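S.K.: Residue numbers (the UniProt record's numbering): 1 to 332.
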């Protein structure tokens with residue numbers, strides 16, 4: 001072998017080493033080669049968590065080896081069609097974008113059974129049966145009340161051992177108010193004109209939040225307030241939501257609007273991120289995640305005006321044709 005040939009081989013060996021080392025370093029730093037764009041780009045990833053677990057994951061209709069909960073990394077920054085599937089459940093799907101050096105999360109994926117099993121709890125219910133009273137929890141010793149004629153909110157206990165003023169500014173007078181208090185003592189009021197007021201502790205005063213409100217419920221995590229009119233469901237965020245999709249405190253969001261009348265809406269408390277509601281035609285469930293579109297499904301194709309979630313056994317109870325029924329959306 002001539003000296004020139006040896007030098008050429010040495011040069012090629014050094015070049016291959018530099019290219020290989022560069023490729024290894026780029027890979028270690030999170031780069032991948034984007035063939036359509038013909039350049040190296042920093043990658044990102046997905047974190048996908050579902051109830052139930054061990055669901056299959058599809059990205060752009062390609063089955064991944066990972067099952068939920070899944071961390072899928074080294075993905076090129078672009079939009080992906082994400083599908084989560086499991087036998088016997090409706091498919092959850094959404095277009096989600098990957099950004100360089102970022103992890104896109106979907107932590108509250110709830111797979112809905114295609115045919116939820118209804119269990120008979122009690123039959124021949126009396127005509128005046130109230131599911132809310134049947135499901136009512138043990139009452140707190142703390143009592144909130146509005147003193148007249150000042151229309152100032154006060155707090156006391158059943159023994160009246162103390163009396164604490166809560167609000168500084170008076171409410172509009174001449175109205176009857178229902179008081180709703182969360183477990184960490186966030187407060188809203190609903191009057192007979194269907195006006196909803198929220199108490200802001202910063203200024204110790206009530207602010208008008210919405211009108212034409214038919215019902216209201218705090219989320220069990222105390223971070224969100226659900227309220228609804230005759231045809232629209234809203235969520236009012238009481239704190240910053242730090243998991244994706246992020247929300248700001250005091251942000252109001254319309255969840256769904258219908259041409260049908262909404263009879264009742266409640267939190268699905270196991271996730272704090274889904275709402276079960278009833279119309280004239282069906283019992284439905286919808287997620288809060290507004291990226292791309294909200295996944296919504298019919299649970300039953302018939303109506304009920306009485307529905308409630310039990311924290312004790314994690315079941316949903318409803319009344320139909322003088323029967324008390326229950327069903328579960330998860331065994332986890």
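For glycine and all other residues, C-beta sits at the position ideal for the given N, C-alpha and C. Here the structure is a predicted model, which means the values were calculated and not measured.
What distance in whole Å lies between the Cβ atoms of residue 275 and residue 255, which are believed to be in contact at a cut-off of 8 angstroms?
M.R.: Right, their Cβ atoms sit about 6 angstroms apart.
S.K.: Residue 179 and residue 168 look like a contact to me (Cβ under 8 angstroms); what is the Cβ gap, rounded to whole Å?
M.R.: That belief does not hold up - the Cβ atoms of residue 179 and residue 168 are roughly 17 angstroms apart, past 8 angstroms.
S.K.: Which word fits residue 302, buried or exposed, when buried means at least 16 other C-beta atoms lie within 10 angstroms of its C-beta?
M.R.: Exposed, by the Cβ-count rule.
S.K.: For residue 206, name the three-state secondary structure that DSSP assigns.
M.R.: If DSSP states are grouped into helix, strand and coil, residue 206 belongs with the strands.
S.K.: Let me check understanding here. Comparing Cα to Cα, which of 73, 69 and 96 lies closest to residue 80?
M.R.: Checking every option, the nearest Cα to that of residue 80 belongs to 96.
S.K.: Taking the straight line between their C-alpha atoms, what separation do you get for residue 315 and residue 184?
M.R.: Those two C-alpha atoms are separated by around 24 angstroms.
S.K.: Residue 99 and residue 116: beta carbons closer than 7 angstroms?
M.R.: For residue 99 and residue 116, no; Cβs fall outside 7 angstroms.
S.K.: From residue 310 to residue 228, what does the alpha carbon distance come to, in whole angstroms?
M.R.: Approximately 21 angstroms between the Cα atoms of the pair.
S.K.: Rounded to whole angstroms, what's the CA-CA distance from residue 328 to residue 248? Just pull it up for me.
M.R.: About 31 angstroms.
S.K.: Rounded to a whole number of angstroms, what is the C-alpha to C-alpha distance between residue 102 and residue 83?
M.R.: One C-alpha to the other measures close to 20 angstroms.
S.K.: Which stretch, first to last residue, makes up the alpha helix (DSSP H) that contains residue 131?
M.R.: Note, residue 131: alpha helix (DSSP H), 131-135.
S.K.: May I ask you to list the residues that DSSP assigns as paired with residue 150?
M.R.: Bridge partners of residue 150: none, in fact.
S.K.: If distances are taken between C-alpha atoms only, which option among 224, 243 and 244 comes closest to residue 235?
M.R.: The shortest Cα separation from residue 235 among 224, 243 and 244 belongs to 224.
S.K.: Identify the continuous beta strand (DSSP E) that holds residue 257 and give its terminal residues.
M.R.: Looking at the DSSP string, the run of the beta strand (DSSP E) that includes residue 257 is 252-257.
S.K.: Which residue comes first and which comes last in the beta strand (DSSP E) that contains residue 278?
M.R.: Taken as a continuous stretch (DSSP letters only), the beta strand (DSSP E) holding residue 278 covers 274-278.
S.K.: Nearest CA to the CA of residue 164: which residue from 293, 173, 153 and 170?
M.R.: If we check each option's Cα against that of residue 164, 153 comes out closest.
S.K.: State the CB to CB distance for the pair residue 308 and residue 131, rounded to an integer number of angstroms; the pair is presumed to be in contact (CB under 8 angstroms).
M.R.: Correct: roughly 5 angstroms between the Cβ atoms.
S.K.: In chain order, what residues of the same chain have a beta carbon less than 7 angstroms from the beta carbon of residue 243, not counting five sequence neighbours either side?
M.R.: 105 and 107.
S.K.: By the 10 Å Cβ neighbour count, where 16 or more other Cβ atoms means buried, how is residue 336 classified, buried or exposed?
M.R.: The displayed coordinates of the chain run from 1 to 332. Any statement about residue 336 would go beyond what the structure contains.
S.K.: Report the residue ranges of all beta strand (DSSP E) runs contained in full by the segment 165-236; include only those spanning at least 3 residues, in chain order.
M.R.: Entirely contained in the segment 165-236, the beta strand (DSSP E) runs reaching 3 residues are, in chain order, 177-181, 187-191, 196-200, 205-210, 215-218 and 224-228.
S.K.: Per DSSP, what are the beta-bridge partners of residue 104 in this structure?
M.R.: Answer by DSSP bridge pairing, in chain order: 46.
S.K.: Can you list, in chain order, the residues of its chain whose CB lies under 7 angstroms from that of residue 113, leaving out five sequence neighbours each side?
M.R.: Excluding residues within five positions, the ones whose Cβ falls inside 7 angstroms are 88, 89 and 329.
S.K.: Since I believe residue 284 is in contact with residue 295 (beta carbons under 8 angstroms), could you give me their beta-carbon distance rounded to a whole number of angstroms?
M.R.: Rounded, the Cβ-Cβ distance is 11 angstroms, inconsistent with contact.
S.K.: State the Cα-Cα distance for the pair residue 263 and residue 320, rounded to the nearest angstrom.
M.R.: Rounded to whole angstroms, residue 263 to residue 320 spans 14 angstroms at the Cα level.
S.K.: Mind checking which residues open and close the beta strand (DSSP E) that includes residue 70?
M.R.: From DSSP, the beta strand (DSSP E) with residue 70 extends over 70-75.
S.K.: According to the neighbour-count rule (16 or more other Cβ atoms, all chains shown, within 10 Å of its Cβ), is residue 35 buried or exposed?
M.R.: Residue placement at residue 35 cannot be trusted, given a pLDDT of 46 that sits under 50; the coordinates are not used to answer.
S.K.: Beta carbon of residue 261, beta carbon of residue 290: below 7 angstroms?
M.R.: No.
S.K.: Could you check the C-alpha separation between residue 411 and residue 111 for me, to the nearest Å?
M.R.: Nothing about residue 411 can be read from this structure; the chain reaches only from 1 to 332.
S.K.: Would you say residue 68 and residue 48 are within 7 angstroms of each other, going by their C-beta atoms?
M.R.: Contact: yes.
S.K.: Leaving aside the five residues before and after residue 61 along the sequence, list all residues of the same chain whose C-beta is less than 8 angstroms from its C-beta, in chain order.
M.R.: Contacts found: 81 and 83.
S.K.: Give the DSSP bridge partners of residue 319, in chain order.
M.R.: According to DSSP, residue 319 bridges with 324.
S.K.: In whole angstroms, what is the alpha-carbon distance linking residue 215 and residue 147?
M.R.: Taking the straight line joining both Cα atoms gives about 24 angstroms.
S.K.: List the whole-angstrom C-beta distance separating residue 212 from residue 191, where the pair is believed to meet the contact cut-off of C-beta under 8 angstroms.
M.R.: Their Cβ separation, rounded to whole angstroms, is 12 angstroms, which puts residue 212 and residue 191 out of contact at 8 angstroms.
S.K.: Starting from the C-beta of residue 121, find all residues in its chain whose C-beta is less than 6 angstroms away, skip the five residues before and the five after it, and write them out in chain order.
M.R.: 324 and 326.
S.K.: Taking only three categories from DSSP, how would you classify residue 97?
M.R.: Residue 97 falls in the strand class under three-state DSSP.
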